[in-house]
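Heads up, the thing below is written out as structure tokens.
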Amino acid sequence: MKSLDELDKLREKLQQQMKVRDKDHEVTVKVSMGTCGIAAGARETVKALLEELKEQGLGGVALTQTSCAGLCQHEPLVEIVKGMEKTTYVNVDREKAKEIVRKHLVEGKVIKDWTTPDH
Amino acid sequence: MEMYRSHVLVCAGAGCISSACKAVQSALQENIDQYGLAKEVKVVETGCMGPCDLGPVVMIFPDGVFYRKLKPEDAAEIVSEHLLKGKVVTRLLHRQPGDPDQVTSFDQLDFFKRQTRIALRNTGIINPESVEEYIARDGYRALGKVLSQMTPQQVVDTIKGSGLRGRGGAGFPTGLKWELTARAAGNPKYVVCNADEGDPGAFMDRSILEGDPHSVLEAMAICGYAIGSSKGYIYVRAEYPLAVERLETAISKAREYGLMGENIFGTGFNFDVEIRVGAGAFVCGEETALLASIEGKRGEPRPKPPFPAQEGLWGKPTVINNVETFANIPPIILNGAEWFASIGTEKSKGTKVFALAGKVNNTGLVEVPMGTTLREIIFEIGGGIPGGKKFKAVQTGGPSGGCIPEEYLDTPVDYESLTKLGTIMGSGGMIIVDEDTCMVDLAKFFLEFVQEESCGKCSPCRIGTKRMLEILNRITSGQGREGDIELLEELSRGIKDSALCGLGQTAPNPVLSTLRYFRHEYEAHIRDKKCPAGACRDLLTYYINPELCRGCGLCAKECPAGAITGDKKKPHVIDAAKCVKCGTCEQKCKFNAIITV
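Top to bottom, those sequences are chains S and L. Counted from 1, the first sequence has number 77 at position 77 by this note's numbering; the numbering is strictly sequential. Counted from 1, the second sequence has number 305 at position 305 by this note's numbering; the numbering is strictly sequential.
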């Protein structure tokens, strides 16, 4: 450790890995993990979300699972909660999951087309 | 970058280790691997989380779900339900007494809610073997700050301004100690950490060393900079092998990162720490005896002055602070003296860690602001007395302290208020006793401890405590005589005035304080040959209540002395002359017919 700056830089990096242990998260990403969700591939969705969060260095986002939301035919469902604002994405596969992280979480843009089921 | 969606924190404090947390931890890891979650979920071993009686305990983030009393068999359900599907396993949650709902998250528990954690800020939250996790929680930033932005005098002034006082027992102002050492003539100077925690029932320092060793190392380096020292020693007892192991790991990690050793932060400041393992003598917690022990001499105290600040280790100026005192230093540097001084009471600033032990529901480790009342600590955080029993007293300060009875439960805890009540803050052990505890017996227990641990150098402690113990033994065995109380008081005064070190001078405290608040119990033992709490076996008489006795004959069969006789289905009787007062009959009787008077 050569300087305080060096320590500060290291800490910022390490803090991202530790943010999961904060109790209050600004953003929570919930993946429905009922039997229906798992059958529709929600496990892959979770993995893809985590990969992309890692890629983007978003340690402060809590990635959690929730039970069946009652929209079984549109699983996997991903709900993003940012303060009071809630967005639910339907039929989220690996590619959509990564795109949601990039667009919604990084750029702050809701991808409207994916929030309603396409019949 | 390493990132997980969930961290599973497994408490590996001494309490949880003894309730087999390691088996739980490996069962969790096995199941996580089996379900293919190893890249998503990380299992982290932490230091003591605090609620030791609920162990093994686990906290799962990001939600902070708190599971208690886990068995390895529970791991599969936690992984398949909680970690995979996000469903909390409700049967493993804790329910607080009198609370209809189970508590999901750790911060909803009264035990955690009412605490203010400064010294324990990282304990139970981070992996003590990872310097990276310590750094992520602002670790070594305080050291970086003092080395690159502050003068040694500014560091001393900050600590002085914070009002921090020694957490080892005597409450000496830490900043002043540093200043005196900084100004003392002599070179080199030394920084010593007193980790020779010896009070029965106390485990604060142990938990900090086991749970957050870097906080102590960082603080010692800060102290070294403030007083102009480049060498530190940690004196820790051999009975704390885990603490020693984690300290060793921490020291080598800190050296690896260049946070210890030469030219730290490129500022030209050098500091390194060595561990000295003590053989577990109580007296080595006394600072002059501790220093002698580090020097390789017999652990015996010497008269003060000169104080260690002038002539300490190898005759050189030395700061000697306790573990908890050091653990408070980095947050004070980072948040400022005013911040710390805003917590606590007028003369006692900051927080204090207490180890709750004895007859209390939530035994474990708690940290509260100075000025918190005993009632809040024992009843609200500690959850009160188990088994519907009545609170009788709390012993603070270990064998050097004294007891506090019920009428003073609303006393705000700080150095002054405890001294006023005839006890001391001490290092923070709190032993709670209920109505079944005999106060003479309690005083005897502590005196026995001190007597055994007396180093023998001065006669008041060596002989005086022996005589006092003999008198107490006499009283509790029914041989007490008129005048014994007065003799105890006289001996106590003599020992207090003439013993060489703090341990001897405070040795009579348990007797004096129980005499102050529970004199009637001494009198009952001496005059009526009765133990009001029913604890002193020699003073008990076992008796069978003929109205409750069904004449089943079980007691007579079990009695090892053949003292019980009686016809079948008729009330039995105990022959007091033969009875050895073992209590077997009382335990065996199904009708509660056997009573002691």
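Just so you know, even glycine gets a beta-carbon here, dropped at the ideal spot from N, CA and C.
State buried or exposed for residue i, treating a residue as buried only when at least 16 other CB atoms are found within 10 Å of its CB.
| i | result |
| --- | --- |
| Trp114 (chain S) | buried |
| His119 (chain S) | For His119 (chain S), the predicted structure reports a pLDDT of 49, less than 50, and the residue's modelled location is therefore unreliable. The matter cannot be settled from this model. |
| Lys359 (chain L) | buried |
| Met1 (chain S) | buried |
| Gln17 (chain S) | buried |
| Ser32 (chain S) | buried |
| Thr423 (chain L) | buried |
| Gln34 (chain L) | exposed |
| His520 (chain L) | exposed |
| Val580 (chain L) | exposed |
| Thr116 (chain S) | exposed |
| Thr372 (chain L) | buried |
| Lys189 (chain L) | buried |
| Ala39 (chain S) | exposed |
| Ser207 (chain L) | buried |
| Glu490 (chain L) | exposed |
Assuming residue i and residue j form a contact by the criterion Cβ under 8 Å, report the distance between their Cβ atoms to the nearest whole angstrom.
| i | j | result |
| --- | --- | --- |
| Leu70 (chain L) | Val24 (chain L) | 5 Å |
| Cys455 (chain L) | Ile495 (chain L) | Contact flag wrong, Cβ pair sits at about 14 Å. |
| Glu218 (chain L) | Cys501 (chain L) | Not really, about 30 Å apart at Cβ, beyond 8 Å. |
| Ala309 (chain L) | Ala221 (chain L) | Actually they are not in contact, since the Cβ atoms of Ala309 (chain L) and Ala221 (chain L) sit about 19 Å apart, beyond 8 Å. |
| Asp205 (chain L) | Asn122 (chain L) | 15 Å between Cβ atoms; not a contact. |
| Cys21 (chain L) | Pro62 (chain L) | Not confirmed; about 22 Å, so no contact. |
| Cys536 (chain L) | Asp441 (chain L) | 6 Å |
| Val155 (chain L) | Thr104 (chain L) | Contact flag wrong, Cβ pair sits at about 43 Å. |
| Lys98 (chain S) | Ala48 (chain S) | 6 Å |
| Glu210 (chain L) | Cys11 (chain L) | Actually they are not in contact, since the Cβ atoms of Glu210 (chain L) and Cys11 (chain L) sit about 11 Å apart, beyond 8 Å. |
Give the interface partners of residue i over in chain S, defined as CB-CB distance under 8 Å, in chain order.
| i | result |
| --- | --- |
| Arg141 (chain L) | Leu4, Leu7, Asp8, Arg11 |
| Gly50 (chain L) | Chain S residues near Gly50 (chain L): none, gap ~16 Å exceeds 8 Å. |
| Ile125 (chain L) | Arg21 |
| Ser148 (chain L) | Ser3, Leu4 |
If you compare alpha carbons, which of the options is closest to residue i?
| i | options | result |
| --- | --- | --- |
| Glu586 (chain L) | L:Thr116, L:Cys455, L:Cys555 | L:Cys555 |
| Ala355 (chain L) | L:Ile432, L:Thr423, L:Gly312 | L:Ile432 |
| Ile234 (chain L) | L:Gly278, L:Ser252, L:Leu259 | L:Gly278 |
| Glu338 (chain L) | L:Asn362, L:Ile125, L:Leu418, L:Leu164 | L:Leu164 |
| Asp297 (chain L) | L:Lys304, L:Pro306, L:Arg276, L:Ala309 | The sequence shown places Lys at residue 297 (chain L), rather than the Asp named in the question. Per the Cα distances, L:Arg276. |
| Ala202 (chain L) | L:Arg68, L:Cys52, L:Arg121, L:Ser162 | L:Cys52 |
| Pro241 (chain L) | L:Ala195, L:Gly258, L:Phe265, L:Val273 | L:Ala195 |
| Glu407 (chain L) | L:Leu374, L:Pro399, L:Gly428, L:Asp414 | L:Leu374 |
| Arg474 (chain L) | L:Lys568, L:Pro152, L:Gly64, L:Leu539 | L:Leu539 |
| Asp8 (chain S) | L:Met425, L:Ile17, L:Leu143, L:Ala76 | L:Leu143 |
| Lys346 (chain L) | L:Glu367, L:Gly398, L:Val413, L:Lys389 | The amino acid at residue 346 (chain L) is misidentified as Lys; the sequence shows Glu. Of the candidates L:Glu367, L:Gly398, L:Val413, L:Lys389, the one whose C-alpha sits nearest the C-alpha of Glu346 (chain L) is L:Val413. |
| Ala281 (chain L) | L:Glu452, L:Gly551, L:Glu30, L:Leu83 | L:Glu452 |
| Leu487 (chain L) | L:Pro301, L:Leu469, L:Ser498, L:Val155 | L:Leu469 |
| Cys193 (chain L) | L:Asn187, L:Met49, L:Lys231 | L:Lys231 |
| Ala254 (chain L) | L:Gly312, L:Arg137, L:Arg5, L:Glu129 | L:Glu129 |
| Ile595 (chain L) | L:Lys578, L:Val573, L:Ala577 | L:Val573 |
| Thr437 (chain L) | L:Pro399, L:Ser400, L:Ile332, L:Phe391 | L:Phe391 |
| Tyr517 (chain L) | L:Leu209, L:Ser427, L:Phe446, L:Cys403 | L:Cys403 |
Name the chain L residues that come within less than 8 Å of residue i, Cβ to Cβ?
| i | result |
| --- | --- |
| Arg102 (chain S) | Within 8 Å Cβ-Cβ: nothing; Arg102 (chain S) doesn't reach chain L, min ~16 Å. |
| Leu14 (chain S) | Glu132, Glu133, Ile135, Ala136 |
| Val46 (chain S) | Arg5, Glu40 |
| Gln56 (chain S) | Going along chain L, no residue has its Cβ under 8 Å from Gln56 (chain S), so there is no contact; the nearest lies around 10 Å. |
| Gln73 (chain S) | Here the premise fails: no neighbours, minimum Cβ distance about 19 Å. |
| Gly59 (chain S) | Met3 |
Taking Cβ-Cβ distances shorter than 7 Å, what residues in chain S pair up with residue i?
| i | result |
| --- | --- |
| Pro62 (chain L) | Val20, His25, Ala62, Thr64 |
| Asp107 (chain L) | Lys23 |
| Leu259 (chain L) | Met1 |
| Gly144 (chain L) | Leu4, Leu7 |
Starting from residue i, find everything on chain L with Cβ-Cβ shorter than 9 Å and list it in chain order.
| i | result |
| --- | --- |
| Leu50 (chain S) | Met3, Tyr4, Arg5, Lys39, Glu40 |
| Leu53 (chain S) | Met3, Arg5 |
| Met33 (chain S) | Leu84, Lys85, Gly86, Lys87 |
Mind listing the chain S neighbours of residue i? Cutoff is C-beta to C-beta under 9 Å, in chain order.
| i | result |
| --- | --- |
| Phe265 (chain L) | Met1, Lys2, Ser3, Leu4, Glu6, Leu7 |
Should the segment 286-296 of chain L be called in touch with the segment 175-184 of chain L, which here means at least 3 C-beta pairs below 8 Å?
The segment 286-296 of chain L makes no contact with the segment 175-184 of chain L, as fewer than three CB pairs between them are under 8 Å.
Please determine if the segment 311-318 of chain L and the segment 165-175 of chain L are in contact, where contact requires at least 3 C-beta pairs separated by less than 8 Å.
The segment 311-318 of chain L vs the segment 165-175 of chain L: no contact.
Inspect the CB distances between the segment 523-542 of chain L and the segment 478-494 of chain L and report whether three or more fall short of 8 Å.
Remark: three or more beta-carbon pairs, one from each stretch, lie closer than 8 Å, so the segment 523-542 of chain L and the segment 478-494 of chain L are flagged as touching.
Quick check: the segment 365-373 of chain L against the segment 105-115 of chain L, are there 3 or more CB pairs under 8 Å?
At 8 Å Cβ cutoff, the stretches touch.
If we count Cβ pairs, one from each stretch, closer than 8 Å, do we get three or more for the segment 26-42 of chain S versus the segment 75-87 of chain S?
Enough Cβ pairs lie closer than 8 Å, so yes.
Are the segment 12-28 of chain S and the segment 95-103 of chain L touching, with three or more C-beta to C-beta distances below 8 Å?
Counting Cβ pairs under 8 Å, fewer than three are found: no touch.
Three or more beta-carbon pairs under 8 Å between the segment 40-51 of chain L and the segment 1-21 of chain L, yes or no?
By the Cβ test, the segment 40-51 of chain L is in contact with the segment 1-21 of chain L, since at least three Cβ pairs between them sit closer than 8 Å.
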